[in-house]
Each structure stands twice: as structure tokens, then as C-alpha cells.
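Written below as C-alpha cells is the structure these notes are about.
Protein chains: 2
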Amino acid sequence: MIMERYKGMGFKLTPQRLAILDYLEGNDSHPSAEEIYTAVSKKFPTMSLATVYNTLEALRLRGEVRELTVDPGKKRFDPDTGPHHHLICTGCRRIVDVRVDFSLSVPTGERRDFEITGNHIEFYGLCPECRGEAGAGSRSAVKRSSRAARKEGD
Amino acid sequence: MIMERYKGMGFKLTPQRLAILDYLEGNDSHPSAEEIYTAVSKKFPTMSLATVYNTLEALRLRGEVRELTVDPGKKRFDPDTGPHHHLICTGCRRIVDVRVDFSLSVPTGERRDFEITGNHIEFYGLCPECRGEAGAGSRSAVKRSSRAARKEGD
DNA sequence: TATTATGTTAAAATGATTCTAGATAGCAGG
DNA sequence: CCTGCTATCTAGAATCATTTTAACATAATA
Chain R
9 MIMERYKGMG FKLTPQRLAI LDYLEGNDSH PSAEEIYTAV SKKFPTMSLA
59 TVYNTLEALR LRGEVRELTV DPGKKRFDPD TGPHHHLICT GCRRIVDVRV
109 DFSLSVPTGE RRDFEITGNH IEFYGLCPEC RGEAGAGSRS AVKRSSRAAR
159 KEGD
Chain V
9 MIMERYKGMG FKLTPQRLAI LDYLEGNDSH PSAEEIYTAV SKKFPTMSLA
59 TVYNTLEALR LRGEVRELTV DPGKKRFDPD TGPHHHLICT GCRRIVDVRV
109 DFSLSVPTGE RRDFEITGNH IEFYGLCPEC RGEAGAGSRS AVKRSSRAAR
159 KEGD
């Protein structure tokens with residue numbers, strides 16, 4: 009099914025790209041380039057990070073992935089290009105999909121003459137795991153990136 | 009008015025910080041750290057970029073500025089911490105405020121047990137200037153950053 | 001097979017942000 | 001007025017994500 013989709017759009021299905029597409033297929037974890045690289049490297053030890061970036065950009069231009077600007081400091085990628093929104097845990101930075109259609113429109117008075125083409129909602133909150141460990145030094149729950157930890161106070 | 013607000017919260021009002029606060033006061037251009045630095049440097053030639061970052065972080069922790077993750081590759085800062093949303097021109101990356109209250113809530117089925125604390129809507133579109141120059145090579149309108157130019161295809 | 005375009009790679013370059021270490025300023029106690 | 005403390009400032013180094021470069025494959029094509 010993948011093969012057909014890229015025929016005749018100037019996109020060569022190299023083994024590296026196949027591996028990336030394979031990793032992305034149905035992946036709803038919103039991985040960063042680094043994460044994709046790490047995962048794909050296991051099957052493909054000579055893979056270069058640059059190839060990951062190149063491929064992601066090629067896919068983005070073809071509308072096959074969405075680039076999320078939701079995490080300060082790094083991009084995340086979403087193979088689901090259909091309309092949906094995201095719920096972000098301010099504790100561990102986990103991102104989950106929100107598949108609800110809120111038909112939003114900006115009232116003329118606020119539109120400043122822009123031609124509006126789309127929208128994206130970020131909901132913020134605490135996931136069950138992070139909510140639990142709020143109190144003392146319970147080291148139990150989710151492992152948070154050093155960056156996420158430093159950002160405490162959101 | 010500024011002075012009082014920071015009394016007794018462990019925040020010294022140094023001249024550098026005053027200059028930054030002064031630049032931010034009522035500023036709705038959503039500047040990056042670099043832009044703040046450039047502006048404040050004029051009045052304060054010895055200012056260090058690190059001081060800008062330090063001050064912004066101190067302000068963020070006190071809830072006096074919001075860090076926007078709206079621009080891939082750099083943070084932008086918003087001194088307006090009240091609830092509002094943003095409209096982003098995909099041509100020139102200009103960001104304007106949208107002061108409308110959409111009371112959104114995530115239906116239980118999609119909430120995944122998160123405790124939701126807030127939300128932020130990004131509207132995308134083309135500003136009048138960028139809409140105009142869409143056609144030929146009319147060099148007239150807005151100057152776009154090299155990064156914005158490269159991102160064509162959003 | 002020669003040609004051309006497209007991909008891959010490692011390494012260097014860039015840009016944003018953070019960290020480090022030493023210099024300074026303002027203040028409490030003597 | 002001195003001494004030490006703590007918060008802040010600054011330049012520069014370090015780090016992290018991303019992009020670019022240059023040289024080398026590879027595939028599709030003439």
C-alpha cells in the first residue's frame with residue numbers, strides 16, 4: 009500500500025526511506041527526528057541523521073507528515089495528516105491525539121484580513137502518571153526528559 | 009507600575025531587567041530572545057544575550073511572560089499572559105493575537121484521564137501582504153526570513 | 001555504456017539556547 | 001567603613017537540534 013502511494017511523485021523508495029515510512033506507519037507517539045533515527049538505526053546501522061531529516065522534509069512537502077511545533081527545542085512529526093488536535097502533558101511532554109472536530113472560526117473583527125487556512129488546538133494538562141507523582145519524591149511514574157524537568161512551572 | 013509588581017518576589021529590578029520589561033510592556037509582536045536582545049542592546053550596549061534568556065526565564069516562572077512554541081526553531085515570548093490565541097501567517101511568520109473566548113472542552117472519551125489545565129489555538133493563514141505577492145516575483149510586500157522562505161509548502 | 005538526477009553519508013557549519021567562571025553590585029552584620 | 005553573602009551580569013565556551021557540504025553511490029534514462 010505504501011509503494012503505490014509514492015509512485016510518480018519524484019520520491020524514490022530507497023530502503024532507508026522504506027524503513028522510516030515503516031516506523032512512521034500508524035505511529036501515534038509524535039516522535040522527534042532523533043527518535044526516528046534511533047529506531048531506524050537498529051535495522052539500518054549506517055543510516056545518517058541527515059537522511060532522516062531529508063526524508064521527513066520530502067514527506068512534509070508531499071503532505072505525508074505534519075511537523076508539530078509543540079515542543080520547545082525540537083520538532084516532532086506526525087504521520088497522521090488528517091485534522092486533529094493534541095493534548096500535551098506538561099509533566100512528561102507526552103502528546104496524545106484529540107480527534108474531535110471543533111469547527112472554529114475567527115470573527116471578522118479579529119481576523120485582521122487574513123485568509124485563514126487551518127487551525128490546531130493544543131490542550132495542556134497532566135497525564136494520570138504525572139498527576140500521581142505530584143506530591144513527594146515518588147520516583148515511580150514516568151521518566152521525564154531533563155529538558156521537561158527543567159521546564160517545571162509551566 | 010512595573011516597580012510595584014516585582015517587589016518582594018525575589019526579583020531584583022536591575023537596569024537591564026528594567027530595559028527588558030520596558031521593551032516587553034504592551035508589546036504584541038511576539039519577539040524572540042534575539043529580537044529583544046537587539047532592541048535592548050541599543051540602550052544598553054554591554055547587555056548579554058544570556059541576561060535576556062535569564063530574565064525571560066525568571067519572568068516565565070513568575071507567570072509574567074508566556075513562551076510560545078509556535079515558530080519552529082525559536083521561541084517567542086508574549087508579555088500578555090491572559091487567555092488568548094494566535095493567528096500565524098504561513099508566509100511571513102507574523103503572529104497576531106486573537107482575543108476570542110472559545111470555551112473548549114475535550115470530551116471524556118478523548119481525555120485519556122488527563123487533568124486539563126488550558127488550551128491554545130493556532131490559526132494559520134495568509135496575511136493581506138503575503139496574499140498579495142502570491143503570484144509572480146513581486147518583491148513588494150513583507151520581507152520573509154530565510155527560514156520562512158525555505159518552509160514554503162506549509 | 002555514458003549521462004543525469006536523486007540519495008546517502010560523515011563531517012563541518014549554523015543557530016538557538018544553556019552553562020560556566022569570573023567580575024560586580026547591593027546589602028546585613030560587625 | 002570593612003567583610004562576607006547572595007543575586008546578577010557578562011563574555012565566552014558548550015550543547016543540542018538542524019542544515020549544509022562534499023564525495024561517493026545508485027537508479028533511471030538516453
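Protein chains in written order, with the numbering used here: chain R, 9 to 162; chain V, 9 to 162.
Glycine included, each C-beta is placed from N, C-alpha and C at the ideal position.
How long is the line joining the alpha carbons of residue i and residue j, rounded to whole angstroms?
| i | j | result |
| --- | --- | --- |
| residue 24 of chain V | residue 55 of chain V | 7 angstroms |
| residue 58 of chain V | residue 77 of chain V | 20 angstroms |
| residue 108 of chain V | residue 82 of chain V | 26 angstroms |
| residue 106 of chain R | residue 88 of chain R | 12 angstroms |
| residue 14 of chain V | residue 29 of chain V | 11 angstroms |
| residue 121 of chain V | residue 138 of chain R | 11 angstroms |
| residue 16 of chain R | residue 68 of chain R | 17 angstroms |
| residue 156 of chain R | residue 18 of chain R | Because the pLDDT of residue 156 of chain R is 48, which lies under 50, any placement of that residue in the model is unreliable, and the number read from its coordinates should be weighed accordingly. Rounded to the nearest angstrom, the two C-alpha atoms are 39 angstroms apart. |
| residue 113 of chain R | residue 52 of chain V | 43 angstroms |
| residue 75 of chain R | residue 12 of chain V | 42 angstroms |
| residue 79 of chain V | residue 80 of chain R | 9 angstroms |
| residue 70 of chain V | residue 140 of chain R | 24 angstroms |
| residue 115 of chain V | residue 33 of chain V | 37 angstroms |
| residue 46 of chain V | residue 126 of chain R | 33 angstroms |
| residue 161 of chain R | residue 20 of chain V | Confidence at residue 161 of chain R is low in this model, with a pLDDT of 45, below 50, so its placement is unreliable and no value can be given for it. |
| residue 22 of chain V | residue 22 of chain R | 57 angstroms |
If we call anything under 9 angstroms between Cβ atoms a contact, is residue i one with residue j?
| i | j | result |
| --- | --- | --- |
| residue 94 of chain V | residue 130 of chain V | yes |
| residue 90 of chain V | residue 134 of chain V | no |
| residue 66 of chain R | residue 48 of chain R | no |
| residue 132 of chain V | residue 92 of chain R | no |
| residue 85 of chain V | residue 44 of chain V | yes |
Interface residues of chain R around residue i at Cβ under 7 angstroms?
| i | result |
| --- | --- |
| residue 164 of chain V | Since the first residue of chain V shown is 9 and the last is 162, residue 164 of chain V is not available in this structure. |
| residue 83 of chain V | 80 |
| residue 100 of chain V | Under the 7 angstroms cutoff, chain R gives no residues; its nearest Cβ is about 11 angstroms from residue 100 of chain V. |
| residue 29 of chain V | By Cβ distance, chain R contributes nothing, its closest Cβ being about 19 angstroms from residue 29 of chain V, past 7 angstroms. |
| residue 67 of chain V | Result: empty, since nearest Cβ-Cβ is about 11 angstroms, beyond 7 angstroms. |
With distances taken from CA atoms, which of the options is nearest residue i?
| i | options | result |
| --- | --- | --- |
| residue 4 of chain R | R:121, R:67, R:135 and R:31 | The first residue shown for chain R is 9 and the last is 162, placing residue 4 of chain R beyond what the model contains. |
| residue 136 of chain R | V:123, V:138 and V:113 | V:123 |
| residue 104 of chain V | V:20, V:19, V:35 and V:116 | V:35 |
| residue 101 of chain V | V:37, V:19 and V:20 | V:37 |
| residue 40 of chain V | V:72, V:60 and V:70 | V:60 |
| residue 118 of chain V | R:96, R:46 and R:70 | R:96 |
| residue 72 of chain R | R:46, R:63 and R:79 | R:63 |
Under 9 angstroms Cβ-Cβ, which residues of chain R neighbour residue i?
| i | result |
| --- | --- |
| residue 19 of chain V | Those do not exist, as residue 19 of chain V stays about 14 angstroms from chain R at its closest Cβ, beyond 9 angstroms. |
| residue 139 of chain V | 121, 122 and 123 |
If the cut is a Cβ gap below 7 angstroms, which residues of chain V does residue i touch?
| i | result |
| --- | --- |
| residue 118 of chain R | 106, 107 and 108 |
| residue 73 of chain R | In chain order: nothing, as chain V lies at least about 12 angstroms away. |
| residue 136 of chain R | 121 |
Report the neighbours of residue i on chain V: residues whose CB is nearer than 8 angstroms to its CB, in chain order.
| i | result |
| --- | --- |
| residue 78 of chain R | 77 |
Residues of chain V with CB under 9 angstroms from residue i, in chain order?
| i | result |
| --- | --- |
| residue 64 of chain R | Per Cβ cutoff of 9 angstroms: no residues; residue 64 of chain R is ~12 angstroms from chain V at best. |
| residue 32 of chain R | Simply none; closest approach about 19 angstroms. |
| residue 57 of chain R | Going along chain V, no residue has its Cβ under 9 angstroms from residue 57 of chain R, so there is no contact; the nearest lies around 17 angstroms. |
| residue 26 of chain R | By Cβ distance, chain V contributes nothing, its closest Cβ being about 23 angstroms from residue 26 of chain R, past 9 angstroms. |
Every unbroken beta strand (DSSP E) within the region 48–95 of chain V, with a cutoff of 3 residues, ordered by chain: 74–79 and 82–86
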